[in-house]
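So the mapping is simple: this note's numbering equals the position in the sequence shown, first residue as 1, plus 24.
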Amino acid sequence: MRDSWDTYFMRLAEEASRRSTCPRRHVVAVVVVERSVIVTGYNGSIRGLPHCEDVGCLMVDGHCERTVHAEANAVAQAARNGSRLLGSTLYVTAYPCWNCFRLVANAGVAKIVYRDEYKDRARDAVAIAMNASGIEMERL
């Protein structure tokens with residue numbers, strides 16, 4: 025039996041998680057439009073700078089500040105490539121934090137499919153903004 029599209033794209037994200045360079049958590053975002061992958065992003069350092077796995081995490085208030093989140097890297101990669109994300113679906117291996125949710129919402133993502141829960145202190149704000157903005161979100 026063939027996988028559903030959601031399962032297929034989430035498995036792509038899971039495979040890409042091996043590229044993540046922060047040992048604290050391997051998160052990947054895959055952006056899809058009309059069943060075609062537009063861009064991927066994983067959590068890692070700023071392009072050209074040392075990665076956590078090489079020099080250690082830069083911890084501030086329990087969060088690694090060296091790492092750019094997967095969703096932000098996907099949006100940045102789309103911008104570098106001139107790709108529009110309007111109406112896209114974001115497959116991400118962890119529930120988006122508040123900052124990433126705001127970023128993908130403003131980029132035009134219409135639906136977020138996530139795998140793992142992520143305890144973010146602003147999770148309620150994400151849920152309220154998601155409902156108000158009309159962005160669909162589901163856990164796979």
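Positions of the beta carbon are idealized from the N, C-alpha and C atoms, including for glycine.
Roughly how many angstroms lie between the CA atoms of residue 92 and residue 111, to the nearest whole one?
-> Roughly 23 Å between the two C-alpha positions.
Figure out for me which residue from 96, 63, 145, 130 has the closest Cα to the Cα of residue 105.
-> Answer by Cα proximity: 63.
By Cβ distance below 6 Å, which residues in the same chain neighbour residue 51 in space, the five residues on each side in sequence not counted?
-> Hits under 6 Å: 67, 94, 117, 118.
Give me whichever residues DSSP pairs with residue 66 in a beta bridge.
-> Listed as beta-bridge partners of residue 66 by DSSP are 52.
Local conformation of residue 115 per DSSP, three classes | DSSP places residue 115 in strand when its eight states are reduced to three.
Reduced DSSP secondary structure (H/G/I, E/B, other) of residue 128 | Secondary structure at residue 128: helix, using DSSP grouped into helix, strand and coil.
Excluding the 5 residues preceding and the 5 following residue 98 in the sequence, name in chain order all residues of the same chain whose CB lies nearer than 7 Å to its CB.
-> Same-chain partners within the cutoff: 53, 55, 63, 64, 65.
To the nearest angstrom, how far is it from the Cα of residue 165 to the Cα of residue 74?
-> What is shown of the chain runs 25 to 164, which leaves residue 165 out entirely.
Taking DSSP as the reference, what is the three-state secondary structure of residue 32?
-> Per DSSP, reduced to three states, the secondary structure at residue 32 is helical.
Counting pairs of beta carbons, one from the stretch 83 to 92 and one from the stretch 30 to 49, are three or more of them closer than 8 Å?
-> Three or more beta-carbon pairs separated by less than 8 Å link the stretch 83 to 92 to the stretch 30 to 49, which places the two stretches in contact.
Does DSSP put residue 44 in a helix, a strand or coil?
-> Reduced to three states, the DSSP call for residue 44 is coil.
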